[in-house]
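The structure appears below as structure tokens.
Set out below in structure tokens:
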């Protein structure tokens, strides 16, 4: 009776008999209804692997034209047969080269999931091992009678030749091409072995199929527009692939060839499921450079798992290759839906793939997919263009430099001389990792400079106008690209630097003002290249664009230049090289540079700034004194200095991390970038990497704030205006609230472990709104349950179920077999549907929550970058303080004088790098004075002589290096150092041709001023003694009497010493030495001990025979040379005597002069 009453209540509750009543066996019923077969499971998983593999192979790997079976194959008795089973078999010979994740696949077999792609993965016995191309001769393939070593090398190397009218060095450095050609030779040798092995078959098909393709042969190769290499418009970045050939390919291979046609000079890492595959000529490179083993098959093919991407990409990039990462941008399920919608035939179905990133050495951004940071050094993608002026008037150069890893862009335009002095200096300041130039538009002098000074730097010639854009096209592309946003009136929101370069009379904003056309044209080439690499928005949207002018050009717009803020000393590339100030591309790795000595920086940004400071020492005395005072304050506060060092050591590379976050933040859902559509199989790992970087960024700025907090405790004691400007209250941005927000916005530890951010309440408005909706719906469900219990007169009614049926009402019922009945109602269905939709919306919000949190962080970028600037400067100052505190020599703080007459006085000074030099004993200190300082009257020019290997060049470098240190604001290894500021430094040091010597000398004489410092080492040795002496004499006279600059001039010309002995502006000095057995007729017995001490007066001899003995020259040769030297000396003495007599008897007649000479020389 109670049961019947309850049923009556149910009917009255629902109002009809149409309520959805679900029995306990409803689950099985639903299975039957959804599939159409009783008891059959409904699943979205693929069919059995054997069935699916067989069908997929038939569909994909039979050519659509002639039915040719492409792969996989084996040989039995010389006949091609299909293999019966297809599995991946990983063989890891050594785990030492693999990370933990890679080792997990060691000796694991897994069936090929061909549904993940429509390109066959013939991964049989992929051996990720160290070694050569061993085992090639055992690979099955077609025999080849037409391909040889020459053809193989030409085809392979031709695939990377990007310019028709430049050498291979203009695309790829020589070491890369050597590696590439070696790879092809190894391949060709293996190919010949295969030819001999299968020669009895009489088959003429090439062993690797791409070697037989006609369109890849040098005589047939064309770019994508069918232009031959001899065509001025030939684009070596692309390749013409005949349409008929593409039609004959399987869908996956057709896709690969289409990408290769557009990126012929690039190695394609082609994603197939969980693996990156390389095919044809790319596989040949990878097999050699990455030690990968070829797959079995008749075309070159190798690959590696997704987890090894960073390591293998880095190896190729370091060798100078361009690497393209090709990702699948749709799932197999999405592909099937698209195929049905577009009515694609089964044989034409293939998942979409796109190039998500092209990486080169100069465009590496160290993202979560590109590996960890190996060095803090800044490397630049550089674009150069040139306009020649009238004959003998030089040239004008436009340049753009981009440090992609931090998003920094520099524009520069300037006039340059025949020696390209300013361009060389810029290359030393901003070391290029890759150079772009308009093909055929640079002068032979610039191209020669590239090949001489930048021989190992990859260079790419771009097509003028289309790739290397004009200034107007550059501005149009920037406006169309939407990189900078729009103002309220709809105009482009140009960065201030670019705003200053626009012609004010052009309201459209597509015309460059005078003096900026070339640098904007170079900027256009950079934009084109960044766009090709898929990182244009990542770099340009930061708006970190500055103008750089060479140091010797006055600045009219200080607000738009690099933030040096003070005038600085000028040094060209020759000086930076001769004094080993910083490490340049051609610097001997065994040499110790000044950067190496002073680099006690603890942050990556500090190291980059130190290099910039070394290339641009200050000239303004007030600015130098501010740095000196800041260093003194740090030394005076050892506790704060030690604390600062400990905290700086914990700060990561904030600049690069900010760039990483910006790149992630701008890729919102719906953004038209392939990366947003890519399908990754290591998503959890990548998310953890992203969060690791983000947490390191938060922690890094928190550490920076702790330095600021510590400084506030001692701020009252600090007198340095520079330190107060960096860390003082009101100067250092207030980031306490910002840090607190991100520190409390989510559980950091859980996020780092799970790779997922679940933000706390109040962090994200959209998520909070969705959570509120879910909470409201759950409340409605609870209220509905109360209502149902009341209406059903059953207090034990409850919700049961799972999944979509998780809210079924369960009511006890005695008549039912299980003792209960479960059902739903229209209102309950409505609430459940609303809850399901809201939860799905929450999932979508959570998917993007990480990016939105990154974007929120980047929106406060002005604060973050100001802190990075302050911390990097503080780091360099503490490096100077640590050097002063730990230097093993006596140190002093240089004193700058404002005297009108330039001078410098060093007492007991040593070379700053001597502590790291390989010397057998202590460094000998020396005193040097140039110019009159009021206490002593000496000439500004030191004419330096001494024995070979006696230390002349080292002393000259020592003085120049100490001057640089003084202008940096650092302490120097000397007892005292007083000087007037040096506005420019010149050096002429080292062995070179006479033309180079005179060219460098010409630069000194043209640009040197009274406040400059010059080093001239043995000028004139590249020609005859008389000509060399004359050139050296005239140069020395000009420097001493006309310019009167501080100069150290070394020579072995003793006639030059005699000429200037007693000159009021020239002082004589020599490097002292002790000589034993001097005066003997046998020079081999003579022994010279170098004292490395500067002594006044000239050196009587150069002791070249001692150098010959030390060099191992035979004793007989040395004795013969000594005899010849004695004869030459007598002749010189006779010549000097005659010339002196002629000068004394200038008024005498010829007869009287002859008689006087005969009398003086005892001639009868």
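Residue numbers (the UniProt record's numbering): 1 to 1164.
Note that the Cβ used here is the ideal one computed from N, Cα and C, for glycine as well.
- Between the C-alpha atoms of residue 457 and residue 752 there is a straight-line separation of about 39 Å.
- Annotated as proximal: residue 1092 and residue 951, with beta-carbon spacing under 7 Å.
- In the three-state reduction of the DSSP assignment, residue 995 falls in the helix class, which pools H, G and I.
- Here the alpha carbons of residue 902 and residue 602 stand approximately 37 Å from one another.
- Judged by beta-carbon spacing, residue 430 lies within the 7 Å limit of residue 380, meaning their Cβ atoms are closer than that value.
- Annotation for residue 257: 241, 245, 246 and 249 place their beta carbon closer than 8 Å to its own, counting only its chain and skipping 5 residues before and after.
- It is roughly 25 Å from the alpha-carbon of residue 408 to the alpha-carbon of residue 586.
- In the three-state scheme derived from DSSP, where H, G and I count as helix and E and B as strand, residue 735 is classed as coil.
- Annotation for residue 341: the continuous alpha helix (DSSP H) segment containing it runs 332 to 342.
- With respect to residue 697, residue 711 sits apart: the two C-beta atoms are not nearer than 7 Å.
- For the pair residue 330 and residue 356, the CB atoms are not nearer than the 7 Å cut-off.
- Every beta strand (DSSP E) stretch that sits fully inside the stretch 407 to 470 and reaches 3 residues is listed by chain position as 408 to 416, 432 to 438 and 459 to 462.
- Taking one beta carbon from each stretch, the stretch 882 to 892 and the stretch 1024 to 1042 have fewer than 3 pairs nearer than 8 Å; the two do not touch.
- Between residue 810 and residue 822, the beta carbon gap of about 5 Å places them in contact (Cβ cut-off 8 Å).
- Selection 360, 336, 507 and 735 evaluated against residue 265 yields 360 as nearest (Cα-Cα).
- Under the 10 Å beta carbon count, residue 589 is surrounded by fewer than 16 other beta carbons and is classified as exposed.
- Residue range 323 to 328 is occupied by the beta strand (DSSP E) that includes residue 324, with no alpha helix (DSSP H) assigned at that position.
- Proximity of the stretch 726 to 742 to the stretch 702 to 717 meets the contact definition, three or more beta-carbon pairs being nearer than 8 Å.
- Between residue 1007 and the set 1020, 234, 1039 and 980, the nearest pair of CA atoms involves 1039.
- Measuring C-alpha to C-alpha distances from residue 1089 to each of 1098, 1071 and 1097 identifies 1071 as the nearest.
- Relative to the Cα of residue 1129, the nearest Cα in the group 1100, 1156, 1149 and 1152 belongs to 1100.
- The C-beta separation of residue 906 from residue 928 comes to about 4 Å, placing the pair in contact by the 8 Å criterion.
- By the Cβ test, the stretch 838 to 846 is not in contact with the stretch 624 to 638, since fewer than three Cβ pairs between them sit closer than 8 Å.
- Scanning 705, 592 and 657 for the CA closest to the CA of residue 648 turns up 705.
- In the three-state DSSP reduction, residue 515 falls in the coil class, being neither helix nor strand.
- Taking the Cα positions, residue 375 is about 17 Å away from residue 598.
- Residue 1047 is bridged by DSSP to 941 and 1014.
- Under DSSP, the beta-bridge partners assigned to residue 1095 are 1070.
- Here residue 927 carries a strand assignment [DSSP, helix/strand/coil].
- Residues 761 and 762 of the same chain have their beta carbon placed closer than 8 Å to that of residue 768, with the five preceding and five following residues left out of the count.
- Residue 367 and residue 620 have their C-alpha atoms spaced approximately 40 Å apart.
- By the Cβ neighbour-count rule, residue 758 is exposed, with fewer than 16 other Cβ atoms within 10 Å of its own.
- Between residue 796 and residue 775, the alpha-carbon positions lie close to 24 Å from each other.
- Minimum Cα-Cα distance from residue 691 among the listed residues 661, 673, 679 and 720 corresponds to 661.
- Here DSSP, grouped into helix, strand and coil, assigns residue 357 to strand.
- Check the Cα spacing between residue 635 and each of 1132, 882 and 231: the tightest is with 882.
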